[in-house]
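Protein chains: 2
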Amino acid sequence: MFGDRLSAAVSACGAPVCVGLDPVLERLPDASGEPLAAVERFCTGVLDAVAGVAPVVKIQSACFERYGWAGVRLLESLIVGGRERGLLVINDAKRGDIAISATHYAKALLSGDAAADALTVNGYLGVDAVEPFVAVAEREGAGLFVLVRTSNPGAETFQGVGIEGGGDVSSAMARMVRGVGAGLVGASGLSSVGAVVGATKPEVAERLRGEMPEQVFLLPGYGAQGGDASGLRRFATERGDGVLVTASRSVIYAGEGAGWREAVRGAAERMRDEVGAALG
Amino acid sequence: MFGDRLSAAVSACGAPVCVGLDPVLERLPDASGEPLAAVERFCTGVLDAVAGVAPVVKIQSACFERYGWAGVRLLESLIVGGRERGLLVINDAKRGDIAISATHYAKALLSGDAAADALTVNGYLGVDAVEPFVAVAEREGAGLFVLVRTSNPGAETFQGVGIEGGGDVSSAMARMVRGVGAGLVGASGLSSVGAVVGATKPEVAERLRGEMPEQVFLLPGYGAQGGDASGLRRFATERGDGVLVTASRSVIYAGEGAGWREAVRGAAERMRDEVGAALG
Chain A
11 MFGDRLSAAV SACGAPVCVG LDPVLERLPD ASGEPLAAVE RFCTGVLDAV AGVAPVVKIQ
71 SACFERYGWA GVRLLESLIV GGRERGLLVI NDAKRGDIAI SATHYAKALL SGDAAADALT
131 VNGYLGVDAV EPFVAVAERE GAGLFVLVRT SNPGAETFQG VGIEGGGDVS SAMARMVRGV
191 GAGLVGASGL SSVGAVVGAT KPEVAERLRG EMPEQVFLLP GYGAQGGDAS GLRRFATERG
251 DGVLVTASRS VIYAGEGAGW REAVRGAAER MRDEVGAALG
Chain B
11 MFGDRLSAAV SACGAPVCVG LDPVLERLPD ASGEPLAAVE RFCTGVLDAV AGVAPVVKIQ
71 SACFERYGWA GVRLLESLIV GGRERGLLVI NDAKRGDIAI SATHYAKALL SGDAAADALT
131 VNGYLGVDAV EPFVAVAERE GAGLFVLVRT SNPGAETFQG VGIEGGGDVS SAMARMVRGV
191 GAGLVGASGL SSVGAVVGAT KPEVAERLRG EMPEQVFLLP GYGAQGGDAS GLRRFATERG
251 DGVLVTASRS VIYAGEGAGW REAVRGAAER MRDEVGAALG
């Protein structure tokens, strides 16, 4: 089960950190040559640099889909490359659809030759739209992270709308996520169905943890997006686990020039140490 | 502007109908040979059959993504092929992300060589996640259909949750859609930012029309999914426009054997006539 695999990988590395790979050409230390070749060179370098330091990488599908089918081909090869290096790979594709279309997405992205270990999912379409992803994840030993509360400023305009009976729209999503993940709680106590929970107010973080006691929270917003390690405890379970802290720009663009890979590795190590210390 | 382009195309064909292209190998009239070649042959045949009958086709991205990058390449070629035949093409990819990632998706799918005329979008992430799509759509003269109320049985579990102040989660989404689409209302009175609204209870349909007076409602669920033409009026504007009725299986699988293309064309013509008659 993914929850247990993640738990073991985090223990082996020492902290629940995830490096977000969302390359944009303008930021690469070496953008020479064909765009996709430059992106590939950069991403391969980041995978080499963070393997053994971070247990998990999260690849942003949009950064590859922007190049059409050739970008998707590169994304597939990087998923394979990440797993070959012993990393757990999350495909951050935020897919969501109903019935057979949901099954298509789940199978395409979580099974077969270019399968990722986990996928981000958008549950707006309702419980029967998430269940096909859960079914494939269960069969493949894969994981899901369903969008519950995101870190963008405008998240409040929709996710923060109050609902009847208390809580807000993200609470309704949280309850659905807990429900569909209940059958996939492993020996670690963590479900293979996790949640994306962005940096948010302390009281919202605590409420969401109460609503999703078995979920791993994929937490973007560390480093460049403004989050820091000090508030991490409130997202964690009482055991101190159940979080996966993601940083992208602050790690992958840590260096320039010939030594950029070493700078990336150094930044990943610092993040691992900070997050490990904050969680105790 | 897309709203006006759509309005003109509907007038030229006589009814606001859309043929949904979501091929699954098991249902094809001729599935011989390589899977992707069979899918390509089928889809090209459907595009030939419905051109001049239906103003719009909607291609389900999941049916192509299931084949990885090679499927995406085929999807791109079919988008081009549909537009070459004079059809407006909606890419039903249900994308949603924030900031630069949203822009990546919007540019990849609405601009460039394989751009569609319109894209389906998931707005769960909030208003600032939809705005980058709107910006690209405005620049390209393209359209969006944001998921508001879907036709799957489980939609109610999330979209139907009551919110403070009246209405439900889909009302909160509807208000956001109207807001972001307000600047893109053309001479037709229709915004280039539309909404996906599935077959639903009469009172919900009327409420959503009140909440989104300028939106084109992309209505799945006609034909095989159980909808019929009799209830269409309640989704329309007072002018009798503002809907785009989609059928997939009942049209694309209308025939078998050598004459399947003629059967598809006949089914599209019948749908056009029924929908035209129902809307008056």
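Respectively, the protein sequence lines represent chains A and B. All residue numbers for the first sequence refer to this note's numbering, where the first residue is 11 and numbers rise by one. All residue numbers for the second sequence refer to this note's numbering, where the first residue is 11 and numbers rise by one. Each residue gets a CB set at the ideal place from its N, CA and C atoms; glycine is no exception. Since the structure is predicted, the reported quantities are computational estimates derived from the model, not experimental observations.
Task: Inter-residue CB distance, Val131(B) and Ile262(B) (contact presumed, cutoff 8 Å) - done: Here residue 131(B) refers to the residue found at position 121 of the second sequence. Here residue 262(B) refers to the residue found at position 252 of the second sequence. Their Cβ separation, rounded to whole angstroms, is 24 Å, which puts Val131(B) and Ile262(B) out of contact at 8 Å.
Open item on the list: So for Gln225(B), helix, strand or coil by DSSP?
Closed with: As a first step, residue 225(B) is located in the second sequence; it is residue number 215 there, counting from the start. Correct three-state label for Gln225(B): coil.
Task: Per-residue DSSP class, three states only, for Lys117(A) - done: The sequence position of residue 117(A) within the first sequence is 107, counting from 1. Looking at Lys117(A) - three-state DSSP - the assignment turns out to be helix.
Open item on the list: In this structure, how does DSSP classify Leu97(A) when only helix, strand and coil are distinguished?
Closed with: Sequence index remark: in the first sequence, residue 97(A) carries index 87 (1-based). Here Leu97(A) sits in coil by DSSP.
Open item on the list: Check whether chain A comes within 8 Å of Phe227(B), counting only Cβ atoms and requiring the distance to be less than that.
Closed with: Along the second sequence, one-based indexing puts residue 227(B) at 217. Judged by the 8 Å Cβ criterion, Phe227(B) is not in contact with chain A.
TODO: Answer yes or no: does any C-beta atom of chain B fall closer than 8 Å to that of Cys73(A)?
DONE: On the first sequence, residue 73(A) is found 63 positions in, with the first residue counted as 1. With 8 Å as the cut-off, Cys73(A) counts as an interface residue toward chain B.
Open item on the list: Distance cutoff 8 Å, beta carbons only. Does Gln222(B) sit that close to anything in chain A?
Closed with: Taking the second sequence and counting its residues from 1, one reaches residue 222(B) at position 212. Checking the sequence shown, residue 222(B) turns out to be Met, not Gln. No, because no Cβ of chain A sits closer than 8 Å to the Cβ of Met222(B).
TODO: Could you confirm whether any beta carbon from chain A is found closer than 8 Å to the beta carbon of Met11(B)?
DONE: What you label residue 11(B) is simply residue 1 of the second sequence in a count that begins at 1. Output row for Met11(B): interface = no.
TODO: Measure the C-alpha to C-alpha separation of Val171(A) and Asn101(A) and round it to an integer number of angstroms.
DONE: Here residue 171(A) refers to the residue found at position 161 of the first sequence. Here residue 101(A) refers to the residue found at position 91 of the first sequence. Using only the alpha carbons, I get a separation of about 28 Å.
Task: DSSP state of Arg271(A) mapped onto helix, strand, coil - done: Numbered from 1 along the first sequence, position 261 holds the residue referred to as residue 271(A). Residue state, collapsed to three classes: helix.
Task: Residues of its chain near Ala182(A), where Cβ-Cβ distance is below 8 Å and the 5 sequence neighbours each way are ignored - done: Walking along the first sequence from the start, residue 182(A) turns up at place 172. The answer, listed in chain order, is Ile173.
Task: Cβ of Trp270(A) within 8 Å of any chain B Cβ - done: Stepping through the first sequence from its first residue, residue 270(A) is reached at position 260. Judged by the 8 Å Cβ criterion, Trp270(A) is not in contact with chain B.
Open item on the list: Buried or exposed, going by whether 16 or more other CB atoms sit within 10 Å of the CB of Lys197(A)?
Closed with: As a first step, residue 197(A) is located in the first sequence; it is residue number 187 there, counting from the start. Note that residue 197(A) is Ala in the sequence shown here, rather than Lys. Ala197(A) counts as exposed, since fewer than 16 other beta carbons sit within 10 angstroms of its beta carbon.
Task: Length at least 4, wholly inside the stretch 23-89 of chain B: the alpha helix (DSSP H) runs in chain order - done: 45-60 and 72-75
Task: Interface residues of chain A facing Lys117(B) [CB-CB closer than 7 Å] - done: Along the second sequence, one-based indexing puts residue 117(B) at 107. Those within 7 Å of Lys117(B) in chain A are Arg76.
Task: Run of the beta strand (DSSP E) containing Val171(A), from where it starts to where it stops - done: For the purposes of this step, residue 171(A) is identified with residue 161 of the first sequence, where counting begins at 1. It is not in any beta strand (DSSP E) - Val171(A) carries neither H nor E in the DSSP assignment.
- [ ] Use the C-beta contact count for Asp40(B): other C-beta atoms within 10 angstroms, 16 or more gives buried, fewer gives exposed.
- [x] Translated into positions along the second sequence, residue 40(B) becomes position 30. That one is exposed.
Open item on the list: Suppose the cutoff is 6 Å on Cβ atoms and the five residues either side in sequence are ignored; what does the same chain contact list for Glu317(B) look like?
Closed with: The first residue shown for chain B is 11 and the last is 290, placing residue 317(B) beyond what the model contains.
- [ ] State buried or exposed for Ser111(A), treating a residue as buried only when at least 16 other CB atoms are found within 10 Å of its CB.
- [x] The count along the first sequence starts at 1 and reaches residue 111(A) at position 101. Buried.
Task: Residue(s) in a DSSP beta bridge with Phe245(B) - done: Stepping through the second sequence from its first residue, residue 245(B) is reached at position 235. According to DSSP, which records beta bridges pairwise, Phe245(B) is partnered with nothing at all.
TODO: Report the residue from Ser121(A), Gln225(A) and Val207(A) whose alpha carbon sits nearest the alpha carbon of Val190(A).
DONE: For the purposes of this step, residue 190(A) is taken as the residue at position 180 of the first sequence. That would be Gln225(A), whose Cα lies nearest to the Cα of Val190(A).
TODO: Could you check the C-alpha separation between Ser180(A) and Leu228(A) for me, to the nearest Å?
DONE: Taking the first residue of the first sequence as position 1, residue 180(A) is located at position 170. Taking the first residue of the first sequence as position 1, residue 228(A) is located at position 218. When rounded, the distance between both Cα atoms is 15 Å.
TODO: Just tell me which of Ile108(B), Ala116(B), Glu166(B) and Ser161(B) has its CA closest to the CA of Ala138(B).
DONE: For the purposes of this step, residue 138(B) is identified with residue 128 of the second sequence, where counting begins at 1. Sequence inspection shows Asp at residue 138(B); the Ala mentioned does not correspond to that position. Answer by Cα proximity: Ile108(B).
TODO: Return the chain-ordered ranges of every alpha helix (DSSP H) run that is complete within the stretch 132-162 of chain A and spans a minimum of 4 residues.
DONE: Unbroken alpha helix (DSSP H) runs of no fewer than 4 residues, entirely contained in the stretch 132-162 of chain A, are found at 137-150, following chain order.
TODO: Please determine if the stretch 49-69 of chain B and the stretch 68-79 of chain A are in contact, where contact requires at least 3 C-beta pairs separated by less than 8 Å.
DONE: no
- [ ] Apply the 10 Å Cβ neighbour rule to Glu279(A) and answer buried if 16 or more other Cβ atoms are within range, or exposed otherwise.
- [x] Locating residue 279(A) in the first sequence gives position 269, where the first residue counts as 1. Taking all protein chains shown into account, Glu279(A) has 16 or more neighbouring C-beta atoms within 10 Å of its C-beta and is therefore buried.
Task: Secondary structure of Ser198(A), DSSP reduced to three states - done: Within the first sequence, residue 198(A) is the residue found at index 188, counting from 1. In this structure, Ser198(A) counts as coil in the three-state DSSP scheme.
- [ ] Work out the CA separation of Thr113(B) and Ala145(B) for me, nearest whole Å.
- [x] Within the second sequence, numbered from 1, the residue matching residue 145(B) stands at position 135. Within the second sequence, numbered from 1, the residue matching residue 113(B) stands at position 103. If you take the alpha carbons of Ala145(B) and Thr113(B), they lie about 9 Å apart.
Open item on the list: Closer than 8 Å is the cut-off here; do at least three beta carbon pairs connect the stretch 241-259 of chain B with the stretch 200-217 of chain B?
Closed with: Segments in contact, yes.
Task: Neighbour-count burial assignment, Ser21(B), 16 or more Cβ in a 10 Å radius - done: Against the second sequence, residue 21(B) aligns to sequence position 11. Under this definition Ser21(B) is an exposed residue.
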